[in-house]
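The listed protein sequences correspond, in order, to chains A and S. Okay, so the first sequence: first residue is 784 according to my numbering, each after it adds one. Okay, so the second sequence: first residue is 784 according to my numbering, each after it adds one. Below is one structure; the comments refer to it alone.
Protein chains: 2
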Amino acid sequence: MKNVIVGQSGGPSSVINSSLAGVYCRAKELGADKVYGMRNGIQGFLDERLVDLGEILKSEAEVEMLKKTPAAFLGSCRFKLPDAEKKPEVFEKIFALLNKYEIKVFIYIGGNDSMDTIRKLADYGLATGSEIRFVGAPKTIDNDLAETDHTPGFGSAAKFIATMAKEAIRDEVVYSTNRTIYVMEIMGRNAGWLTAAAALARGEDNPGPDLIYLPEVPFDMNAFLEKVGALLKKKNNIMIAVSEGIHDDKGTFICEYAAADKAVDAFGHKQMGGTATYLCSVCEEKFGCKTRAIELSTLQRCAAHLASQTDVDEAFASGAKAVEAALSGRTALMATLNRAGEDPYRCEIDLADVHYISNVERLVPREWISEDGDDVTEDFVRYALPLIQGESWPVMENGLPKHLVLK
Amino acid sequence: MKNVIVGQSGGPSSVINSSLAGVYCRAKELGADKVYGMRNGIQGFLDERLVDLGEILKSEAEVEMLKKTPAAFLGSCRFKLPDAEKKPEVFEKIFALLNKYEIKVFIYIGGNDSMDTIRKLADYGLATGSEIRFVGAPKTIDNDLAETDHTPGFGSAAKFIATMAKEAIRDEVVYSTNRTIYVMEIMGRNAGWLTAAAALARGEDNPGPDLIYLPEVPFDMNAFLEKVGALLKKKNNIMIAVSEGIHDDKGTFICEYAAADKAVDAFGHKQMGGTATYLCSVCEEKFGCKTRAIELSTLQRCAAHLASQTDVDEAFASGAKAVEAALSGRTALMATLNRAGEDPYRCEIDLADVHYISNVERLVPREWISEDGDDVTEDFVRYALPLIQGESWPVMENGLPKHLVLK
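This is the structure in structure tokens:
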């Protein structure tokens, strides 16, 4: 009797299901009886919404398609587990359910909040003498988890962002005769890893973005406008990459200025606007030229059709490592990705104490950002480039990617 | 002495360079001496900014990479050729330059306006007894050219749109527990072909968009809100695809309502907003739930990494056909794509009189749109599906698509 349960939580990524496949395959290899999936994370588990993954992943082909399907196969949730002292009844219910289904191993694939869930459950388990083991598998496009060199999901999002930046810049330069400012808005409220990835577009065949602004450095509107003005004297088409989370030195998000005096339309409805749209409006007014805001929106976290094979493989391996550790009796850990070699790049999967991970946010080091705060350095490029290598082209059917879906 | 010149004009597409490759390769096969490219279309030609394509496309590998490079390789322009009666000096200059470079064949790859250029030059040539031949090769993601079943560029844009819709819907359903309305804004000011392509996302593994609004049918805000309200009673996540050009029965673009009372921000700058953002704000206010606007922006016209092989091949063939016709002495034509077979799909490249094409806009037939105007019919799906078939994966280098670029 060695049942395993696995859940997915937090925001989607292109490879979160490759981690799930890793958990499933390794658990089976190591002799687990049943591998349950919880639908919509811990929230669904509390409602006993379980599936038997063995009944779904019947062949190698289904496992392969799962690895190439974006967004949480099992569904996700944003459920913050309370503290055990404050609401012991939640923990009692969870452990009662785990015992009911004879589960010995609990794996949670997710980011910061999910590791907080692992930490709380593992600590409660240890305190109550339970033999159930809790281990996390990392997942976040934001790349902001501590104790790991990078996170599964980041490489694929970075590959999509750099590709779209490359293609969008190709698109813009065809009109070399008209002045236009493009602002590409990229996810990242506090950490600028994803926005920095736009720098990867640079190469012999592409100039890449002209300016890159991360949330790690306060955004100075006047300095920004000066830079853009200087660039417009040299070239007609300017591409600026910005994190959605850029803010000024008072800590006010730039997009909040856009919303400061929300417009009311002809019907009396309030307007909304993002960071890129706002910067475009500021530039349009200042320079009187055409602008275009490009928001990568949710596309950047689900574009599995352009996933990085390195990322897919590492996600799988980290899921496998997590379940392996738990099955061997370890708890309160998260699988980590350690850079074991630079040239050639080599990644070893390791484990770290989840207490050092939950609720910690890893930002882009200041020294990887240019002094003026408007670009990233070569150090960042050297760091990120190995993570986007290799193509994991989707299973195509009738001209479109085919996904494995839980009915 | 049989020199050819080719130019690209109007908006970019993923396969506009495959048409260019088709012109170049067929011209060389048929014994053309030099094949010139004009930089930035007719505008660059007037400045004698020519390149000798034979010096650039030296090997098969370069031709293949050209076919997979998005956006006009030669650069584009938005230059409206005046009427010959009004400004004969422009035509005199163009023909003098054509004679100077001993050019007998002039090929222009583009949409409506480009075909207007071909028409005017061909008519002027015929009226003045010139032997120079002018033929157009179709190009537009908008799919709105007359006399052709579809246009090169549409299939690849449709494939990207349907793929992103599929992936974005996968992304949204992971939170089945929260109510969210997604609005995806797709290009198309007057013609809804591209927005209709979102319907292709539907399949066994994806529900596709819940509502689809094209500019061909006036948009009724009250009916829209009623539909959304009814959908919210049945499901938590709703995906709505809208053309940027939807307008009400008075002809006012919906995005104009957003701009009606433009907000002024904390710095006194004016706000901007798109159709999707506007509909999101209306829905947010009406239903009090989360919304997210997804604008595909320029990404949809340059995402060559997801080009349709059918589209790439047809673009090449139409470029080849255009130069073949011109070299055989014909003029005032455009290459067309005729659907010669349904099952299996078969496309024949033909020619049509450019006088019937320039300045005509082909819209989605009313009978391919649902009666309520909030979806497309199976007829549209049958029409579009063959056009997205086949993958033209990019040449990858260091994890990213590699493009051929004119220095």
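From the three backbone atoms N, C-alpha and C, an ideal C-beta is built for every residue, glycine too.
- For S1064 (chain A), the number of other beta carbons within 10 angstroms of its own is at least 16, and it is reported as buried.
- The DSSP assignment places 824 to 829, 836 to 839 and 843 to 850 as complete runs of the alpha helix (DSSP H) inside the region 818 to 867 of chain S, in order along the chain (cut-off: 4 residues).
- If you look at A1103 (chain A), you'll find it in the alpha helix (DSSP H) that goes Q1092 to L1110.
- When C-beta atoms of the region 1084 to 1103 of chain A are compared with those of the region 1164 to 1183 of chain A, three or more pairs fall below 8 Å, so the two segments count as touching.
- For the set A:S792, A:A844 and A:S797, the Cα lying nearest the Cα of I825 (chain A) is the one of A:S792.
- Taking CB atoms only, R953 (chain S) has a neighbour in chain A less than 8 Å away.
- For chain S, none of the residues of the region 919 to 937 of chain A brings a beta carbon within less than 8 Å of one of its beta carbons.
- For L1134 (chain A), the secondary structure class from DSSP, reduced to helix, strand or coil, is strand.
- Under the criterion of beta carbons closer than 8 Å, I969 (chain A) and T1081 (chain S) do not qualify as touching, at roughly 15 Å.
- In the displayed model, M967 (chain A) falls within a strand according to three-state DSSP.
- At least 8 Å separates the beta-carbon of C1085 (chain S) from that of P871 (chain S).
- Straight across, the Cα-Cα distance linking E1150 (chain S) with V918 (chain A) is about 56 Å.
- The C-beta distance from V1025 (chain A) to T1060 (chain A) rounds to 11 Å, too long to meet the 8 Å contact threshold.
- Non-local beta-carbon contacts of F1163 (chain S) in its own chain, meaning distances under 6 Å to residues more than five positions away in sequence, involve A979 and W1151 in chain order.
- Per DSSP, the unbroken beta strand (DSSP E) holding F889 (chain A) starts and ends at I886 to G893.
- A855 (chain A) and K922 (chain S) have their alpha carbons spaced roughly 38 Å apart.
- Assignment of I924 (chain S) by DSSP, reduced to helix, strand and coil, places it in the coil class.
- The secondary-structure analysis by DSSP pairs M1117 (chain S) across a beta bridge with S:G919 and S:A1135.
- Rounded to whole angstroms, the gap between the alpha carbons of V806 (chain S) and K1069 (chain A) is 43 Å.
- Within the region 1159 to 1181 of chain A, L1168, P1169, L1170, I1171, Q1172, G1173, E1174, W1176, P1177, M1179, E1180 and N1181 place their CB atoms closer than 9 Å to a CB of chain S, listed in sequence order.
- Where E1078 (chain S) is concerned, there is no enclosing alpha helix (DSSP H), although the beta strand (DSSP E) around it starts and stops at K1073 to E1078.
- For A1024 (chain A), the uninterrupted beta strand (DSSP E) run begins and ends at N1020 to S1026, by DSSP.
- Beyond the five residues adjoining it in sequence on each side, D906 (chain S) comes within less than 8 Å, by CB distance, of A867 and A1115 in the same chain, given in chain order.
- V1106 (chain A) and V834 (chain A) do not touch by the CB rule: their CB atoms are close to 17 Å apart, not below 8 Å.
- Within chain S, the residues whose beta carbon sits less than 9 Å from that of L1082 (chain A) are M947, E950, A951, D954, I1077, L1079 and L1082, listed in sequence order.
- Within the region 960 to 976 of chain A, the residues whose Cβ lies closer than 7 Å to any Cβ of chain S are, in chain order, T960.
- In the DSSP secondary-structure assignment, Q791 (chain A) is bridged to A:I892.
- Secondary structure of E1180 (chain S) (DSSP, three-state): strand.
- When DSSP reads this structure, L994 (chain A) sits in a beta bridge with A:I1023.
- Below the 8 Å Cβ cutoff, chain S contributes no neighbours of C1072 (chain A), its closest Cβ being approximately 14 Å away.
- At a cut-off of 8 Å between beta carbons, L840 (chain S) makes no contact with chain A.
- Identification of chain A residues near K942 (chain S) by a Cβ-Cβ cut-off of 8 Å yields G1182 and L1183, ordered along the chain.
- Using a Cβ-Cβ cut-off of 7 Å, N895 (chain S) is close to nothing in chain A; its nearest Cβ partner there is about 17 Å away.
- Among the bridge pairs identified by DSSP, N786 (chain A) is matched with A:I886.
- With respect to the C-alpha of V1137 (chain A), the residue from A:A941, A:E999, A:S939 and A:E930 having the closest C-alpha is A:E930.
- What Y958 (chain A) touches in chain S, judged by beta-carbon distance under 7 Å, is S859, going in chain order.
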